[in-house]
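Below is one structure, written out as structure tokens; comments come after it.
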Amino acid sequence: MSAAFDELARTLRLQGTEVQQADLGDRWGKQLPSQGKARVYAALRGGGWVGQKDQRLALREGEIVFLPRGDAHSIRDKPTTSLCGFSDVYCKALRPTGPTSIRTEAPPETRLVVVDLRFDAAGAPWISLLPSLVHLQGSNPGLSRWLGETLHLLAEAPDLSPPLRDGIVEAFGHTLFACALRTLASPLPGREALQDEPIAAALAEVRAAPEENWELGELARRVGLSRSAFAARATALLGEPLGSYVRRLRLDRAAALLAGTTLPIKVIAARVGYDSEAAFTRAFTRAHGQGPREHRLAHAARRAGADSFGSGQSAAPAFAEP
Numbered sequence: 001m002s003a004a005f006d007e008l009a010r011t012l013r014l015q016g017t018e019v020q021q022a023d024l025g026d027r028w029g030k031q032l033p034s035q036g037k038a039r040v041y042a043a044l045r046g047g048g049w050v051g052q053k054d055q056r057l058a059l060r061e062g063e064i065v066f067l068p069r070g071d072a073h074s075i076r077d078k079p080t081t082s083l084c085g086f087s088d089v090y091c092k093a094l095r096p097t098g099p100t101s102i103r104t105e106a107p108p109e110t111r112l113v114v115v116d117l118r119f120d121a122a123g124a125p126w127i128s129l130l131p132s133l134v135h136l137q138g139s140n141p142g143l144s145r146w147l148g149e150t151l152h153l154l155a156e157a158p159d160l161s162p163p164l165r166d167g168i169v170e171a172f173g174h175t176l177f178a179c180a181l182r183t184l185a186s187p188l189p190g191r192e193a194l195q196d197e198p199i200a201a202a203l204a205e206v207r208a209a210p211e212e213n214w215e216l217g218e219l220a221r222r223v224g225l226s227r228s229a230f231a232a233r234a235t236a237l238l239g240e241p242l243g244s245y246v247r248r249l250r251l252d253r254a255a256a257l258l259a260g261t262t263l264p265i266k267v268i269a270a271r272v273g274y275d276s277e278a279a280f281t282r283a284f285t286r287a288h289g290q291g292p293r294e295h296r297l298a299h300a301a302r303r304a305g306a307d308s309f310g311s312g313q314s315a316a317p318a319f320a321e322p
């Protein structure tokens, strides 16, 4: 296993998770649109088929199918089963049995765990290089056993405290993304850069603290490269110059703080590495198309609108439209 892949996966900032258990029998199938978040299907018992327009994978007991970007796909019991919306008769037989579980009226033959992982896509441009479907079939018995036991824990212990559950899911998610990175085909553009372990390690430091005053020459010295070589290799990995990457990390972090806290803008500016609130405001406006205050107000208005129709957490089954 490449340490660079592990380090790169750990730089991914997970922003939220949902875990549901589905006990399914008879015929079932659903077409799902692109969701903007990673999705995991794991067969604890029985199985099914996960497909896209150009490929179809059999999901067997003990296996996992991972969609790193949550691209449009289908999930069904057999390749011949028609795909439907929940208005169709046999899909109506799928019903919630709790806040995190669904089942069919027919006796269940298959038990799936469905995990959704929301992440900071802007801070991980390498995700665009990943395959749309990753099939984990147990080629590494130790890893497969750990993933399976983790899924069993998540499925059988919904009463875990939120911090413990989030910690488990975060480790699980980072492991899946590291596995996905390893599946890259040799000719895929960018693969060589993703295997650049010294660069990945240096970028992990930057990712952890983008507010620091990072000097290109100092980072290059740490990994034993010239300044120009480091800059070229970092750009190959990131798809953009290091300075642009750091600036984007800072402003994305600021956007999250503006939306999720009541901290004064001046404090947020300092937290993400800006000495001046005015300079921060100009940079933020260029990046997001609106100033920090407008960004905060827009998010507050969206939250208020969502609250007027109920919480943002839907009790719909895991195969429902996002």
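So that you can map any letter, position 241 of the sequence shown is 241 in UniProt numbering, and since no number is skipped, the others follow by simple counting.
For every residue, glycine included, the Cβ atom is placed at its ideal position computed from N, Cα and C.
Source: prediction; values computed, not measured.
Residue i and residue j closer than 8 Å at C-beta
i    : j    : result
R27  : T81  : yes
T100 : Q21  : yes
E63  : A43  : yes
G47  : R76  : no
R10  : A204 : yes
Q31  : L133 : no
L112 : Y41  : yes
D23  : D120 : no
S74  : G29  : yes
H295 : A256 : no
Per DSSP, cross-strand counterpart(s) of residue i
i           : result
R145        : In DSSP, R145 forms no bridge with anything.
T110        : L24
A204        : DSSP, once it has assigned bridges, lists no residue as partnering A204.
G224        : Answer is none; G224 lacks a bridge partner.
K30         : I75, C84
T262        : DSSP lists no partner for T262.
residue 355 : Residue 355 lies beyond the range of the chain shown here (1 to 322); nothing can be said about it.
V115        : V19, V40
I199        : Answer by DSSP bridge pairing: none, since I199 is not bridged.
Q52         : Q55
F66         : V40, V134
L181        : Answer is none; L181 lacks a bridge partner.
L14         : F119
Continuous beta strand (DSSP E) stretch holding residue i: start and end
i    : result
R60  : R60 -> no beta strand (DSSP E), and no H or E assigned at all.
A38  : 38–45
S101 : 101–103
Cutoff 6 Å; reference residue i; Cβ partners in own chain excluding five residues on either side
i    : result
P163 : none
G25  : T104, A106, P107, P108, E109
F172 : T150
T17  : L117, V169
H299 : A259
V115 : V19, V40
P198 : V223
A72  : P33, S34
Q55  : none
A287 : L251
Residue i beta carbon near the ligand COA (any heavy atom closer than 7 Å)
i    : result
L249 : As presented, the structure is devoid of all ligands, the ligand COA included, so that no description of it is given.
Contacting residues, own chain, Cβ-Cβ under 8 Å from residue i (five flanking each side not counted)
i    : result
A231 : L216, A220, P241, L242
L57  : W49, V50, G51, V65, L133, H135
D196 : A4, R233, A236, L237
S276 : A269
Boundaries (first-last residue) of the alpha helix (DSSP H) holding residue i
i    : result
R282 : 277–288
Same chain, Cβ closer than 7 Å to residue i, five either side skipped, listed in chain order
i           : result
residue 336 : Residue 336 falls outside the range modelled here, since the chain spans only 1 to 322, and no answer is possible.
D6          : A178
E61         : A43, R45, G46, G47
H174        : A9, R10, L12
V206        : W214, V246
K78         : W49
*Within the chosen definition, does the segment 252–266 reach the segment 279–292 through at least 3 CB pairs nearer than 8 Å?*
yes
*Does the segment 269–287 touch the segment 210–222, meaning 3 or more C-beta pairs lie closer than 8 Å?*
yes
*Contact the segment 277–287 vs the segment 244–261: 3+ CB pairs below 8 Å*: yes
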